[in-house]
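As numbered in the working numbering, residues 318 to 787 make up the sequence shown, in order.
Built from N, CA and C at the ideal position, the CB exists for glycine as well.
Bear in mind that the values here come from a model prediction, so they are computed numbers and not experimental data.
The structure appears right after this line, and notes come after that.
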Amino acid sequence: MATSDPELVIGLVAPLGTSTTDLTKEIQGSLSRFGYKAVPIKLSELLGTAAPAPTGETEDQRIRRLIEAGNQFCKVNEDAAAVARLAVSAIQARRIELIRVDGDDRPIDEITSRPRTAYIVQSLKRREEVQLLREVYGNQFILIGSQGSVAERTHSLLQLNLSSADDKKKDDIVKILIEIDADEREQLGQNVNRTYPQADLFIRNNDRADIDRVFDLLFQKPEAPTIGEYAMYVALASSARSLAASRKVGAAIVVDDAVIATGYNEVPHGQIPDILEGEDTSETFKRENLRDTLKRLKESGLLADKLEADDDGVALAAAALDKGELLSVIEYQRAVHAEAKAIDDATVRGVSPAGGTLFVTTYPCHLCYKQALSVRLARIEYIEPYPKSRAVAMFSKEAEDKLVPFAGVAPRRYMQIFGDRPAFVADMAGKFRKYDRKFAQPLVGEMREDEDRAERERRAINALKKEFRT
């Protein structure tokens, strides 16, 4: 059977430079208002036993050691979700410890949950880890994402004990760490950029007011969504209209608390999408540019003799430059970007976006940011990172105030929290029951039976190599 006052498993995802330790403390304080005991599960400590710290280790060395320990653990287990399986094992162990402290001496195999308890897993780095925890705990697993701007996170990291005292070298160390954390380009490597957008709730800079509000909503406090939450939900819905070959992006513009325009990345009105044409012309044009570059280098005598500007040479060069800047240009895409399409939508309708806020599912590219500035949009809120963007590098003035991470209920949980919550019903005297956090129940939809969840935990743990099971 499913327990009342259900257990919650709260996963944290945050880019490097955002303290998940501080975030955990704030969540513990917020959940205590509901009578929930929040238990931290620190993955770095679980991995630390496999990679003990050497004497005199600096903070950047510690971060690199733990990243490598996580990667190695996944490789040994041949599983990108292996670290999350350690978390499941730790949750199971902590539950038993707490039950014993409660004076409950039932056999271990009969202990399946502890009422009004939350386990905070800090922190998740791979989408596969999130997927595993959702498979095991269903809607009782809640992923919280928190971040500040790159400048804020860089400043925070520069205050740490790094392995160089030279300012230039410290900047380089921090830049590399942020890049590795965001997307380590190796099999089974961590990738916060792909993990962060999977969150159910978003916080900005570990802000306690943000945290208290989203937990109040999760525990059924009668409060309407903000216009921002509604707009981001609309933006995500708009993205589903896209037939773009790459990522689907959606956008919505809000002026005076009303959504005035929406957009999604797609070819201009009346044109045939690439997928229906059968060719990604962007890739074709980039290959043609690469061929032209090789030809000019060859004619100038700057190209190795073994490399020609033919199909084979282009293929070799393209493989070497894959994911590099040259082949990441976006100017040849036929699709109009979601942000630009939303601005165009407002223009066609004769509504000015000036002074409004653009909500977009992915961080804007420099071209869209330029257009947003041109039409005098006051602010842009986004969810998914986009490292290729040069928006801040090209237009740095006031960028930190204009480009901000989205905070609130994620589109993926919008309907469950705002649409599926029970109706507010008055009693016979026409009075509504006063909201009381101590008795409030979380909105987690249909809960897993305790026995089913316990079996899923066992299966998750047993997928680890035998020497790592506890």
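Each residue's CA atom was taken as its position, placing Arg604 and Lys615 some 16 Å apart. Going by DSSP, Arg696 is part of no alpha helix (DSSP H) but of the beta strand (DSSP E) stretching over Arg696 to Glu701.
Runs of the beta strand (DSSP E) spanning 3 or more residues and lying entirely within the segment 421-466 occur at 434-439 and 458-464, in chain order. Residue Arg470 holds the alpha-carbon nearest to the alpha-carbon of Asp488 among Arg470, Asp500, Met745 and Val726.
Excluding residues up to 5 positions away in sequence, Gln537 lie with their Cβ nearer than 8 Å to the Cβ of Pro739 in the same chain.
Taking all protein chains in view, the Cβ of Ala621 is surrounded by fewer than 16 other Cβ atoms within 10 Å, so the residue is classified as exposed. In the structure shown, Arg775 falls within a helical segment according to DSSP collapsed to helix, strand and coil. Per the coordinates, the alpha-carbon of Ala659 lies some 9 Å from the alpha-carbon of Gly567.
The three-state reading of DSSP puts Ala557 in coil, since its state is none of H, G, I, E or B. 8 Å or more divides the Cβ of Thr674 from the Cβ of Val576. In the three-state reduction of the DSSP assignment, Ala780 falls in the coil class, being assigned neither a helical nor a strand state.
Cα atoms of Asp662 and Val653: separation of roughly 12 Å, rounded to the nearest angstrom. Cβ neighbours of Ile358 within its own chain (closer than 8 Å, five residues either side excluded): Ala404, Ala407, Ile408, Arg411, Tyr436, Ile437, Val438 and Gln439.
For the set Arg770, Arg431, Val491 and Ala780, the Cα lying nearest the Cα of Gln476 is the one of Val491. A Cβ-Cβ separation of about 19 Å leaves Gln507 out of contact with Ile327 under the 8 Å criterion. Non-local C-beta neighbours of Asp500 in its own chain, meaning closer than 6 Å and more than five positions away in sequence, comprise Asn508 and Asn510, ordered along the chain. Excluding five sequence positions before and after Pro728, the CB atoms of its chain that fall closer than 7 Å to its own CB belong to Met549, Tyr550 and Leu553, given in chain order. Residue ranges of uninterrupted beta strand (DSSP E) with 3 or more members, entirely inside the segment 327-359 and ordered along the chain, are 354-359. Boundaries of the alpha helix (DSSP H) around Ala655: Ala655 to Arg666. Here Thr543 carries a coil assignment [DSSP, helix/strand/coil].
When Pro424, Ala561 and Ala578 are compared, the shortest CA-CA separation from Val668 is found for Ala578. Annotation: Thr512 to Lys442 spans about 6 Å, alpha carbon to alpha carbon. At a Cβ-Cβ threshold of 8 Å, Leu460 and Gly334 do not count as neighbours. Under a 10 Å Cβ-count criterion, Leu593 is classified as exposed, with fewer than 16 other Cβ atoms of the shown protein chains found around its own Cβ. Taking C-alpha positions only, Asp574 is separated from Leu690 by approximately 20 Å. Here Tyr649 is not near Thr679, since their CB atoms are 8 Å or more apart. Residue environment analysis places Ala355 among the buried positions, since at least 16 neighbouring C-beta atoms fall within 10 angstroms of its C-beta.
Taking the Cα positions, Glu701 is about 28 Å away from Ala777. Setting aside the 5 residues that flank it on each side, Pro590 is surrounded in the same chain by Leu560, Glu583 and Val584, each with a C-beta closer than 7 Å to its C-beta; the list follows chain order. Per DSSP, the beta-bridge partners of Thr579 are Ala569. Per the DSSP secondary-structure output, Thr679 pairs in a beta bridge with Glu701. Distances from the CA of Phe351 to each of Arg564, Leu325 and Thr664 were compared; the closest alpha carbon is that of Leu325. Following the DSSP letters along the chain, one finds Phe602 inside the alpha helix (DSSP H) bounded by residues Thr598 to Glu616. With contacts defined by Cβ atoms closer than 8 Å, Ser430 and Asp767 form a contacting pair.
The C-alpha of Pro542 is placed about 39 Å away from the C-alpha of Asp419.
Straight through space, the alpha carbons of Phe458 and Arg451 are spaced by roughly 6 Å.
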